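If you read the sequences in order, they're chains A and B.
Under our numbering, residues 1062 to 1206 are what the first sequence spells out, in order.
Under our numbering, residues -4 to 116 are what the second sequence spells out, in order.
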Amino acid sequence: MKPDNSIENTICTAVDSDELSRIRDFVKLKAEDFGFGDGDCNKIVLAVDEACSNLIEHAYKKDSTKLLCVEIDSFDKEFIVKILDNAIPFDPSNVELPDMEKYFKVLKRGGLGIKIMRLVMDEILYYPSNEHNPVNTLILKKHLN
Amino acid sequence: MIDEKLKIQTKKNDDIHCVYLNGYLDAHTAPKLEDTFQQIINGGDYKILVNFSELDYISSAGLGVFMAFIEDVRNNGGDIKLASMKDKVFSVFDLLGFPMLFDIDADELDAISKLANNQFR
């Protein structure tokens, strides 16, 4: 991936948690433009933040020489966020979600990002890189009611 | 710069530490709050009030800071009370059921009163 911020619906940043606020601002603006109210905008922003934070922390191990891209697309009333990376593939749909009562009993920490993504978005898809396409793509969808 | 994204002010009233958050609490800024909690606990204090009135955003990384310290604090006869959240911040706590584990008060005086009267979970 190359950093190409000239594309209006795409933002590419270094893999650095310092960039999260810029990604959030970008996604919020796009979600507002699409017609979502504050509540849904906040949910979409949160889901994208969780996905990017996981990439930065776990997939890329905070290697800020690497890049990730967030691309906004739409189909009819579907708001579609694509998060692109070159790290080792990791499918969030294969992760077992924590039961919160048990989670609070053992006073665990972490592991909530994917649960949040699933709770606030309507659909999550994952396409790992392959021999034809070296980019992993996480797709988060939210329907505009 | 972390400092521009999360400002933290603390003040101590008797044995209660009040922590005021301003800005964003995400994966980038969470370590700063972690340092603040660690300093309070290192000083032997375990009654902590966190005022969220100027906090505009929290992600799971921010929630994780509270999970990291709650056991230690409660095992030492204290608690972490949360207060004055904006709706958008409360909705993240509520989404995952955090009110099961933490008292979240609209007014910080209520939270301080609970700490002063040793009303712990």
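Backbone N, C-alpha and C fix where the C-beta goes; we use that ideal spot for every residue, glycine too.
Note that this is a predicted model, so its numbers are computed, not measured.
Asked	Found
Exposure label - B:GLY18; buried when at least 16 CB within 10 Å	buried
Given 8 Å, three or more beta-carbon pairs between the segment 101 to 109 of chain B and the segment 60 to 71 of chain B	no
Contact test: A:LEU1201 Cβ vs the ligand MG heavy atom, cutoff 7 Å	No copy of the ligand MG occurs in the structure displayed, which carries no ligand at all.
CB of B:ASP10 within 8 Å of CB of B:ASP40, strictly	yes
Residue-level contact to chain A via CB, B:GLY73, 8 Å cutoff	no
B:GLY59, enclosing alpha helix (DSSP H) - first and last residue	55 to 70
Stretch pair the segment 83 to 100 of chain B + the segment 1151 to 1169 of chain A: three plus CB contacts closer than 8 Å	yes
For B:SER48 and B:MET80, the rounded distance between their alpha carbons	5 Å
Distance, B:PHE97 Cα to A:SER1135 Cα	39 Å
Three-state secondary structure assigned by DSSP to B:LEU28	helix
Identity of the residues DSSP links to B:LEU50 by a beta bridge	B:GLY18
Residue burial classification, B:ARG116 (beta-carbon count within 10 angstroms, cutoff 16)	exposed
Chain-order list of residues whose beta-carbon lies under 8 Å from that of A:LYS1169 (same chain, five-residue window excluded)	PRO1159
Cα-Cα separation, A:LYS1089 to B:MET62	28 Å
Inter-residue spacing [alpha-carbon to alpha-carbon] between B:SER54 and A:GLU1118	14 Å
CB-CB length for B:LEU44 against B:VAL14, believed under 8 Å	7 Å
Cα-Cα separation between A:SER1125 and A:THR1074, rounded to whole angstroms	9 Å
Nearest-angstrom Cα separation, counted from A:GLU1139 out to B:PRO26	36 Å
Beta-carbon gap between A:ILE1084 and A:VAL1109 smaller than 8 Å	yes
Helix, strand or coil at A:ASN1115 [DSSP, three-state]	helix
Below-8 Å beta-carbon distance, A:ARG1170 vs any chain B residue	yes
Range of the contiguous alpha helix (DSSP H) that encloses A:ASP1009	Outside the displayed range of chain A (1062 to 1206) lies residue 1009 of chain A, so it cannot be described from this structure.
CA-to-CA distance, A:VAL1196 to A:GLY1172, given in whole angstroms	24 Å
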